[in-house]
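Colleague: Below is the structure I would like to discuss, written out as C-alpha cells.
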Ligand SMILES: [Zn+2]
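Numbering (full-length UniProt numbering), first residue to last: 1 to 457.
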C-alpha cells in the first residue's frame, strides 16, 4: 500500500487522548502510524516533520479529514460472539439459567442450531462490531478446538482483528468439582481418546495437556468460564499447559506472542458465596495462585481483600457494565477500582445478552455510576473512553488503541458536524454519551479503509 497523510484532522492523540484541533497523521506502507503532528500549524508549513518526509516521497495518498474527529479504533475487550444466535432468549432469567456452561439455556441453543446458522450469526456480530467502530475484539470461545475453527471460518475475510481465547471443552458438576481429583469425560474432544483408556469415565492428565496445547497453538490463550466449574487440579493444569507452552516457545526461539489467560470472576454475588462455601475462599483468592490468570473479567462483586489481592498481583480487570445490568448482578465498584489505579478494559460480553456496542456501553457506564454514586463529577468521560481504546491495547499488550507513532493505524472517523454532536464543547464527553453508530462515517484498520459511509477521500 501507499503511504497516507491524513491532514486537517481533529485527533484524540496518544495515551491521554489529548485533543488536537488540527493535526496530521502519517501512515507508512505497513499500516503503522509513522508520525503524528500535533501542531496547530498547517502541515504544509516548513519545519513540520511530517511535511518534510512527505515531500521527500511523492508516492503518497493525502486525505483531508476536515469535519471529522479521529479516535483510535475501539477495542471490545470481552465478548462471546458464538452465542449471537440466542439474542434475548429467556431475557428475564438469571445468569446461570441463561449462560451457565453446563445447564444454561445457551448450551441447548448452541447444540440444536445447525453449524451454518451459527456461523452466519457469528459473522453478522463481527460485521456489526465493525460498523460500530470496533476494530479489535477479544472473544471467549467455547467448544474446544472445534469452536475456535468455527469462529475463524465464520469471520474469514473480514478485516476486524480478533483475539480468541479458547478453553478445553469439558466441565464437571459444581458438586464434583470439590471432591474429584480426576477428570470426568463429558466433552466431545475426549470421546475417541478415552476409549483407549481403562476407565471410560475419566481422562488422563496427559490427554488434557495435549488437548490444551493444541488449543493454545490455534488461538491466543485461554478464556475460562469460572472457578466454580473447575477443580483446583484443573485450574493448575491450565497453568501447567501455559507454562509448558511458553518454555517451548523460548526453546524454539519463536516470535509468537505469549498466550493470554483470562477468567470470569466475582460476576454474581451467589458465585462468590458458593466459592466461599465450597472452598473457604472467594473465586479470586482461589484462582490467583492455581490458575494465575493475567486478566479477570467482571469483578462486579469483589471483597475488599479480592481487590487488594488483584492489585498486589498486578492483575488486569475487564468490566462489562451492561451485561451486569441485564443480568441484575450489580454495579462494578469503579470508585474503589480507580483508587487502586486499575486501568480497566471494557467489554460487551455475550451477544445473546447484549448488543456488541461500545458506544452504548460507555454511555451506560458514565450515567449509572454517577447515579449510584450520587456524584455528577464522578468518572471522567476521558477515563471511560480510555477503557474502550488505550487500556485495551495495554491489557493485551498490543500496539493498538492509541493514535501515536509506532501504533497500528486503526482509526474511527466521527462526523463532528452531526446534528447530535455539533457544536462540540467537550469531545470526550460528547463521544461517550452522545455518539452512536450514525455519527461514525468511516473505519480504518492497518491504514486501509474497511468501512466508508461517506467519501472521505
Ligand atoms: Zn463473559
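Glycine included, every Cβ here is placed at the ideal spot set by N, Cα and C.
State the start and end residues of the unbroken alpha helix (DSSP H) segment that holds residue 388.
Modeller: Taken as a continuous stretch (DSSP letters only), residue 388 belongs to no alpha helix (DSSP H), as it is neither H nor E.
Colleague: CB residue 300 to CB residue 262, shorter than 9 angstroms?
Modeller: Not closer than 9 angstroms, so no.
Colleague: Check for me: the beta strand (DSSP E) holding residue 18 runs from which residue to which?
Modeller: Residue 18 -> beta strand (DSSP E) spans 18–27.
Colleague: Under 9 angstroms between the Cβ atoms of residue 416 and residue 69?
Modeller: Yes. Within cutoff.
Colleague: In chain order, what residues of the same chain lie with their CB nearer than 8 angstroms to the CB of residue 139, ignoring the 5 residues before and after it?
Modeller: Excluding sequence neighbours, residue 139 sits near 79, 80, 81, 82, 151, 162, 163, 164, 165 and 223.
Colleague: What does a CB cutoff of less than 7 angstroms around residue 103 pick up in its chain, not counting 5 residues either side in sequence?
Modeller: Taken in chain order, the list of residues that qualify is empty.
Colleague: Under 6 angstroms Cβ to Cβ from residue 189, same chain only, skipping five residues before and after it: list those, please.
Modeller: The predicted model places residue 189 with a pLDDT of 42, which falls under 50 and marks its position as unreliable, so this point remains unresolved.
Colleague: Looking at residue 404: is its Cβ nearer than 9 angstroms to the Cβ of residue 36?
Modeller: Taking 9 angstroms as the Cβ cut-off, residue 404 and residue 36 qualify as a contacting pair.
Colleague: Answer yes if the stretch 391–408 comes into contact with the stretch 87–98, meaning at least three C-beta pairs across the two stretches below 8 angstroms, and no otherwise.
Modeller: They do not touch, by the three-pair rule.
Colleague: On a CA-only basis, which of 113, 30 and 71 is nearest residue 390? Give me that one, please.
Modeller: The shortest Cα separation from residue 390 among 113, 30 and 71 belongs to 71.
Colleague: Just verifying my parser: in three-state terms, what is the DSSP assignment at residue 103?
Modeller: Three-state result, residue 103: coil.
Colleague: Please go through the stretch 243–327 and give each complete alpha helix (DSSP H) segment of 4 or more residues, from N-terminal end onward.
Modeller: For the stretch 243–327, whole alpha helix (DSSP H) runs of length 4 or above, ordered along the chain, are 269–279, 283–290, 304–312 and 321–327.
Colleague: Classify residue 62 as helix, strand or coil using the three-state DSSP reduction.
Modeller: Looking at residue 62 - three-state DSSP - the assignment turns out to be strand.
Colleague: Is the separation between the beta-carbon of residue 296 and that of residue 317 shorter than 9 angstroms?
Modeller: Yes. Within cutoff.
Colleague: Under the rule that 16 or more other beta-carbon atoms within 10 Å means buried, what is residue 10, buried or exposed?
Modeller: With 16 or more other Cβ atoms within 10 Å, it is buried.
Colleague: Specify the secondary structure class of residue 381 as computed by DSSP and reduced to three states.
Modeller: The answer is helix: DSSP assigns residue 381 an H, G or I state.
Colleague: Buried or exposed: where does residue 273 fall if 16 or more other Cβ atoms within 10 Å of its Cβ makes it buried?
Modeller: Counting Cβ neighbours within 10 Å, residue 273 comes out exposed, since fewer than 16 surround it.
Colleague: Identify whether residue 30 lies in helix, strand or coil by the three-state DSSP scheme.
Modeller: Looking at residue 30 - three-state DSSP - the assignment turns out to be coil, as it is neither helix nor strand.
Colleague: For residue 435, collect the residues of the same chain with a Cβ closer than 6 angstroms to its Cβ; drop the 5 residues on either side in sequence, then sort them by chain order.
Modeller: The residues are 359.
Colleague: So what does DSSP say about residue 1, is it helix, strand or coil?
Modeller: Residue 1 falls in the coil class under three-state DSSP.
Colleague: Do residue 437 and residue 363 have their C-beta atoms closer together than 9 angstroms?
Modeller: No; because the gap between Cβ atoms is not below 9 angstroms, this pair is not in contact.
Colleague: Taking the beta carbon of residue 84 as the centre, do at least 16 other beta carbons fall within 10 Å, making it buried, or is it exposed?
Modeller: It counts as buried.
Colleague: Straight-line CA distance for residue 414 to residue 280?
Modeller: Rounded to whole angstroms, residue 414 to residue 280 spans 50 angstroms at the Cα level.
Colleague: Buried or exposed for residue 454, please, with buried defined as at least 16 other CB atoms from any protein chain shown within 10 angstroms of its CB.
Modeller: Its Cβ having fewer than 16 others within 10 Å, residue 454 is exposed.
Colleague: Let me check you understand the geometry: is the CB of residue 92 closer than 8 angstroms to at least one non-hydrogen atom of ligand 1?
Modeller: Residue 92: no, Cβ never under 8 angstroms from ligand 1.
Colleague: With distances taken Cα to Cα, identify the nearest neighbour of residue 30 among 373, 421 and 408.
Modeller: The candidate whose alpha carbon is nearest that of residue 30 is 408.
Colleague: Closer than 8 angstroms by C-beta to residue 2: which residues in its own chain qualify, once you throw out the five before and the five after it? Chain order, please.
Modeller: The residues are 29, 59, 60 and 61.
Colleague: Taking only three categories from DSSP, how would you classify residue 214?
Modeller: Looking at residue 214 - three-state DSSP - the assignment turns out to be helix.
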